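Numbering (UniProt numbering), first residue to last: 1 to 314. The beta carbon of each residue, even a glycine, is placed where N, CA and C say it ideally should be. All figures in this text were calculated on a predicted structure; none of them were measured in a lab. Working notes for the structure below.
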């Protein structure tokens, strides 16, 4: 069965709202909502197909777009490759040129709409930012909390509360304070044993590669309404993350780092190859920062994660 190559778009307006369209009842996966786009013809580039489809479907001209995520999905009757781009600038007023209903929704509201299964990773990617801050170790609690507060004020939307020294009571207390600072402003990702899951209902969970190896076969440990991420370093761990049903991963180290000087870096080429075979958002980690964000996007990643690169100066 030939895999159908589809160009799709996460279209954002100036306020950050996202345009979605409802599929006709007569179509494959009819009645569900989708991100606009259509089939890439044999003689077309993805960018050309995307521009053509969005002009035909919505009457708009794409001005600015970048790669976002590629999703391979196998339905019982169809195999698809969704080549998704984020469109951040366009000309024209979008309208359902083919009679399809449209809706502008916030990223948070996307979860209230029913999408085809193949679109779920796109929903996650559309809701996630391009930067993922990981807190440093060795700071006293007041300095750490001040840094988190400053990072949020500077626009950081996704924060992992790193736990390099295990899961002790001090970390739990810190997590309570961090969750308070992040409430309504940023998504906090906690590291810890699954026994703590019920104690931090607003937090997502970022599991270690050791936890991933131990628990992947048991499936997802928390509901779809909460973020689940995993630390991955190779194809085997990415496969386990897929099996567990995580929402996104970090892939590291891309380049040599001070934190893990002995770890063999993947390099950009291998990182890109690993991302190509994984249908979930990936943050590249290790020797990268805001300066590498564009390169990470071009490699197929959601964005970049880091400690020093994103931690605000005192």
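N- and C-terminal bounds of the alpha helix (DSSP H) containing residue i
i, result
"residue 39", "Taken as a continuous stretch (DSSP letters only), residue 39 belongs to no alpha helix (DSSP H), being part of the beta strand (DSSP E) at 37-39."
"residue 150", "141-153"
"residue 295", "293-298"
"residue 127", "120-127"
"residue 49", "46-58"
"residue 267", "267-276"
"residue 213", "209-215"
"residue 187", "That residue, residue 187, is in no alpha helix (DSSP H); its beta strand (DSSP E) goes 187-190."
"residue 240", "235-244"
Distance between beta carbons of residue j and residue i, contact taken as under 8 Å
i, j, result
"residue 10", "residue 126", "5 Å"
"residue 283", "residue 299", "No, residue 283 and residue 299 are not in contact; Cβ-Cβ is about 11 Å, not under 8 Å."
"residue 50", "residue 85", "6 Å"
"residue 34", "residue 23", "6 Å"
"residue 121", "residue 297", "That pair is no contact at about 16 Å."
"residue 312", "residue 154", "6 Å"
"residue 317", "residue 290", "Because the chain here runs from 1 to 314, residue 317 falls outside it and cannot be looked at."
"residue 197", "residue 251", "Actually they are not in contact, since the Cβ atoms of residue 197 and residue 251 sit about 24 Å apart, beyond 8 Å."
"residue 13", "residue 46", "Rounded, the Cβ-Cβ distance is 22 Å, inconsistent with contact."
Per-residue burial, residue i [other beta carbons within 10 Å of its own, 16 or more giving buried]
i, result
"residue 15", "exposed"
"residue 269", "exposed"
"residue 62", "buried"
"residue 264", "exposed"
"residue 130", "buried"
"residue 175", "buried"
"residue 247", "buried"
"residue 36", "buried"
"residue 169", "exposed"
"residue 195", "exposed"
"residue 178", "buried"
"residue 301", "buried"
"residue 95", "exposed"
"residue 292", "buried"
Cβ pair residue i, residue j closer than 8 Å
i, j, result
"residue 5", "residue 81", "yes"
"residue 256", "residue 219", "no"
"residue 217", "residue 274", "no"
"residue 132", "residue 303", "yes"
"residue 32", "residue 90", "no"
"residue 135", "residue 148", "yes"
"residue 106", "residue 17", "yes"
"residue 221", "residue 215", "yes"
"residue 163", "residue 191", "yes"
"residue 103", "residue 87", "no"
"residue 59", "residue 92", "yes"
"residue 101", "residue 21", "yes"
"residue 253", "residue 266", "yes"
"residue 143", "residue 71", "no"
"residue 181", "residue 212", "no"
"residue 57", "residue 38", "yes"
Residue i - containing beta strand (DSSP E), residue span
i, result
"residue 11", "4-12"
"residue 281", "Element bounds for residue 281: n/a, residue is neither H nor E."
"residue 308", "It is not in any beta strand (DSSP E) - residue 308 carries neither H nor E in the DSSP assignment."
"residue 67", "61-75"
"residue 78", "78-91"
"residue 231", "228-232"
"residue 180", "It is not in any beta strand (DSSP E) - residue 180 instead sits in the alpha helix (DSSP H) that spans 169-182."
"residue 250", "248-251"
"residue 131", "131-134"
"residue 22", "18-22"
"residue 104", "102-105"
Proximity test, residue i beta-carbon vs the ligand FMN heavy atom, cut-off 7 Å
i, result
"residue 268", "Here there are no bound small molecules, and the ligand FMN is not part of this structure."
Any chain C beta carbon closer than 8 Å to residue i
i, result
"residue 16", "Absent from the structure: chain C. Only one protein chain is present."
At least 3 beta-carbon pairs within less than 8 Å: the segment 228-237 vs the segment 193-213:
By the Cβ criterion, the segment 228-237 is in contact with the segment 193-213, since at least three pairs of Cβ atoms, one from each stretch, lie closer than 8 Å.
Would you check if the segment 237-252 and the segment 275-289 touch, i.e. whether three or more CB-CB distances between them fall below 8 Å?
Contact between the segment 275-289 and the segment 237-252 is established, with three or more Cβ pairs separated by less than 8 Å.
Using 8 Å as the cut-off, can you tell me whether the segment 154-162 makes contact with the segment 170-188, which would need three or more C-beta pairs spanning the two stretches below that distance?
Taking a cut-off of 8 Å for Cβ pairs, the segment 154-162 and the segment 170-188 touch, as three or more such pairs fall below it.
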